[in-house]
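Residue numbers (the working numbering): 556 to 966. Below is one structure, written out as structure tokens; comments come after it.
As structure tokens, this is what we get:
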């Protein structure tokens with residue numbers, strides 16, 4: 556499909572991909588307000604509770620680079636639809652059959668396997684559908700699904716559990732919607748191809764060339780730092796507010812969902828601003844501000860102060876950085892080769908989502924040692940500051956590469 560400006564057809568595609576993220580985020584975040592319930596039911600330590608979400612992200616992350624390569628080779632739409640169905644089936648099994656700790660880990664990991672291809676496929680389709688001048692706003696539209704899904708999953712699962720006294724039905728309902736949505740993606744999404752027009756027979760872009768690009772490497776490391784704080788706050792936030800700030804289960808999930816609500820408009824604005832003013836200036840502003848808001852989440856005592864810190868994180872945190880990082884990575888990748896996008900986006904999400912493997916279990920471990928989650932939030936704030944330092948060394952504009960030349964490092 557040819558590249559085009561954001562017209563009606565492209566917008567329909569972007570909205571569809573946004574819905575995909577909404578479902579995947581609702582699927583995964585519905586679990587978080589229920590972690591304390593599951594921990595009590597299965598008599599788990601905080602480290603073991605954190606391992607449930609880490610098992611999802613371990614397999615999810617493992618899928619990123621292979622699925623990026625497969626997306627370039629086999630077709631992004633085909634891979635997206637197939638793996639979305641797998642994600643739905645895994646969630647269905649979680650609701651029906653996860654009656655031991657091992658099965659909880661297994662079905663959570665299987666869902667991560669199914670969800671793991673969405674990122675490189677979705678953004679590969681977006682980058683091929685939207686003109687490069689609009690990549691920032693295009694990525695922001697797709698990313699809205701993360702905020703919507705975050706809001707739905709966190710806000711709904713706690714109250715539904717308290718009403719029905721069971722969490723199985725929540726995941727069964729989400730699973731059925733996820734499976735049915737794959738049919739919609741099959742109908743709506745385009746079959747994008749590499750510029751050569753020989754998508755299935757052409758070799759995938761070499762992974763080693765992506766890894767040797769110092770600009771992409773630094774963006775990837777900064778993405779890890781940005782998402783570490785995000786997954787600390789989102790995964791453990793409801794538990795933290797319930798057990799250390801005295802907020803009820805009904806409200807604890809809603810408190811964390813404030814991050815998603817307050818991020819909706821800023822993420823669109825930051826994407827558009829970065830299209831016009833450049834990625835680096837905005838990124839250098841976001842990282843230190845994001846670190847301050849993570850610190851304040853744990854430092855604040857009153858409900859009002861907590862709410863204000865969550866609103867501020869939604870404005871300056873991960874959701875505003877994401878569209879900038881995606882567009883920035885896309886620019887550096889296409890400067891290397893037009894067919895490098897799928898592989899580059901797979902590596903990019905792999906780097907960022909490694910934080911989702913590490914953060915939940917490390918946070919749980921810190922809690923087991925200290926008896927509190929406060930120190931874990933402070934660690935997350937420091938890691939966010941490190942991300943800002945890394946961004947200082949990224950080139951704003953990519954180097955133009957000639958075919959078969961060595962990858963140059965940035966000055």
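Heads up, the beta-carbon is just placed ideally off N, CA and C, and yes, glycines get one too.
- The count of Cβ pairs closer than 8 Å, one atom from the region 862–882 and one from the region 634–647, stays below three, leaving the stretches out of contact.
- Of 876, 935, 907, 923, the smallest CA-CA separation from residue 699 is found for 876.
- Going by beta carbons, residue 780 and residue 945 fall inside the 9 Å limit.
- DSSP places residue 830 inside the alpha helix (DSSP H), whose first and last residues are 804–832.
- The C-beta distance from residue 813 to residue 859 rounds to 12 Å, too long to meet the 8 Å contact threshold.
- If you check the CB distance, residue 935 and residue 787 come in under 9 Å.
- Rounded to the nearest whole angstrom, the CA to CA distance from residue 938 to residue 784 is 7 Å.
- For residue 583, the enclosing alpha helix (DSSP H) has its first and last residue at 563–584.
- Exposed is the label assigned to residue 763, since fewer than 16 other Cβ atoms lie within 10 Å of its Cβ.
- Around the beta carbon of residue 718, fewer than 16 other beta carbons lie within 10 angstroms, which makes this residue exposed.
- Cβ-Cβ distances below 6 Å link residue 726 to 646, 649, 650 in the same chain, with the five nearest sequence neighbours on each side left out; the list follows chain order.
- Per DSSP, residue 688 is not a residue of any alpha helix (DSSP H), being assigned neither H nor E.
- With fewer than 16 neighbouring CB atoms inside 10 Å of its own CB, residue 655 falls in the exposed class.
- Taking C-beta atoms as the reference points, residue 775 and residue 597 fail to come closer than 9 Å.
- Look at residue 844 here: in three-state DSSP terms it is helix.
- Ranked by Cα distance from residue 893, the first of 682, 825, 839 is 682.
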